[in-house]
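Q: The structure that follows is given in the form of structure tokens.
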Amino acid sequence: MPDLLEILFGWFSSVDPNALILAFSAIGAGLAMIAGIGPGIGQGFAAGKAAEAMGKNPEHGGRPATLVMLLGAAVAETSGIFSLVVAIIMLFANPLLSKGGIVLVLAASALGAGLAMIAGIGPGIGQGYAAGKAAEAVGKRPKLQSQVVRTMLLGQAVAQTTGIYALIIALLLLFVSL
Numbered sequence: 073m074p075d076l077l078e079i080l081f082g083w084f085s086s087v088d089p090n091a092l093i094l095a096f097s098a099i100g101a102g103l104a105m106i107a108g109i110g111p112g113i114g115q116g117f118a119a120g121k122a123a124e125a126m127g128k129n130p131e132h133g134g135r136p137a138t139l140v141m142l143l144g145a146a147v148a149e150t151s152g153i154f155s156l157v158v159a160i161i162m163l164f165a166n167p168l169l170s171k172g173g174i175v176l177v178l179a180a181s182a183l184g185a186g187l188a189m190i191a192g193i194g195p196g197i198g199q200g201y202a203a204g205k206a207a208e209a210v211g212k213r214p215k216l217q218s219q220v221v222r223t224m225l226l227g228q229a230v231a232q233t234t235g236i237y238a239l240i241i242a243l244l245l246l247f248v249s250l
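Counting with my numbering, you get residues 73 to 250 for the letters of the sequence shown.
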């Protein structure tokens with residue numbers, strides 16, 4: 073009776089190792105970009121809250137709320153940028169190709185790096201939510217803009233930590249010798 077591992081992974085021996093690593097890297101890069109969902113949702117929420125603030129207080133709250141929304145939305149995009157960087161590394165400067173080692177482990181590292189970046193969904197949504205609430209608050213009370221922005225940025229910095237953790241794990245999977 074054939075060995076189960078041979079059945080599942082026997083075809084690896086007939087595949088060019090670099091091609092296998094590149095294939096898993098392409099899948100990992102695609103998976104990494106799933107993290108763009110978070111910033112999209114978060115930024116949409118922030119834009120909606122800024123528009124709502126403009127509608128409620130067009131004379132005094134619209135412009136400050138828009139500025140807060142833009143600043144907050146820019147911060148919310150960072151997890152998407154992290155994912156983009158990891159995806160570009162895997163597609164165009166893949167360090168796994170130059171490593172010797174077990175091809176399956178290297179391919180799984182590429183896939184794992186992409187999967188790790190999915191964690192960027194959370195910070196994107198959270199930071200966008202903070203930006204939206206800040207835009208809403210500034211729309212109601214424009215004179216408090218500097219205090220609201222300070223509080224928003226502090227909260228967004230804390231919310232970004234999981235995105236940074238994901239980036240660190242993805243980079244470790246790509247660059248540390250296994």
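Glycine included, C-beta positions come from ideal geometry on N, C-alpha and C.
1. Taking only runs of the alpha helix (DSSP H) that begin and end inside the region 125-190, which ones reach a length of at least 4 residues, in chain order?
2. Along the chain, where does the alpha helix (DSSP H) that runs through R222 open and close?
3. Let me check understanding here. Comparing Cα to Cα, which of P136, T138, G196 and A165 lies closest to A229?
4. To which residues of the same chain is A95 closer than 6 angstroms at the C-beta, ignoring the five residues directly before and after it?
5. Should P130 go down as buried or exposed, given a rule of 16 or more other Cβ atoms within 10 Å for buried?
6. Can the beta-carbon of G152 be found less than 7 angstroms from the beta-carbon of P111?
7. Just the C-alpha distance for L176 and N166, rounded to the nearest angstrom, thanks.
8. Taking contact to mean 3 or more Cβ pairs, one atom from each stretch, closer than 8 angstroms, check whether the region 174-188 and the region 146-162 are in contact.
9. Check each candidate in I99, M105 and S170 and name the one with the smallest Cα separation from A191.
10. Measuring alpha carbon to alpha carbon, tell me which of L246, G235 and M189 ends up nearest G102.
11. Does the region 84-94 come into contact with the region 118-132, if we say contact requires no fewer than three beta-carbon pairs (one atom in each stretch) closer than 8 angstroms?
12. Going by the CB atoms, is the gap between G200 and F117 shorter than 7 angstroms?
13. Quick one, which of K215, M162, L216 and T138 has its alpha-carbon nearest F247's?
A: Taking the geometry as given:
1. Listed in chain order, they are 134-148, 150-164 and 175-188.
2. Stepping through the sequence shown from its first residue, residue 222 is reached at position 150. Per DSSP, the continuous alpha helix (DSSP H) segment holding R222 begins and ends at Q217 to A231.
3. In the sequence shown, the residue the question calls residue 229 occupies position 157. Here the closest residue by C-alpha is G196.
4. Taking the first residue of the sequence shown as position 1, residue 95 is located at position 23. No residues qualify anywhere along the chain.
5. As a first step, residue 130 is located in the sequence shown; it is residue number 58 there, counting from the start. The Cβ neighbour count for P130, taken over all protein chains shown within 10 Å, is under 16; the residue is labelled exposed.
6. To locate residue 152, count along the sequence shown from 1; it is residue 80. To locate residue 111, count along the sequence shown from 1; it is residue 39. Closer than 7 angstroms, so yes.
7. Here the question's residue 176 lines up with position 104 in the sequence shown. Here the question's residue 166 lines up with position 94 in the sequence shown. Cα-Cα distance, rounded: 15 angstroms.
8. By the criterion of at least three beta-carbon pairs nearer than 8 angstroms, the region 174-188 is in contact with the region 146-162.
9. Along the sequence shown, one-based indexing puts residue 191 at 119. Ranking the options by Cα distance to A191, first place goes to M105.
10. By 1-based counting over the sequence shown, the position of residue 102 is 30. Of the listed residues, the one whose Cα sits closest to G102 is M189.
11. Between the region 84-94 and the region 118-132 there are fewer than three C-beta pairs closer than 8 angstroms, too few to call the two in contact.
12. Looking up residue 117 in the sequence shown gives position 45. Looking up residue 200 in the sequence shown gives position 128. Inclusion of F117 and G200 in the CB contact set at 7 angstroms is warranted, their separation being smaller than that value.
13. Numbered from its first residue, the sequence shown carries residue 247 at position 175. That would be M162, whose Cα lies nearest to the Cα of F247.
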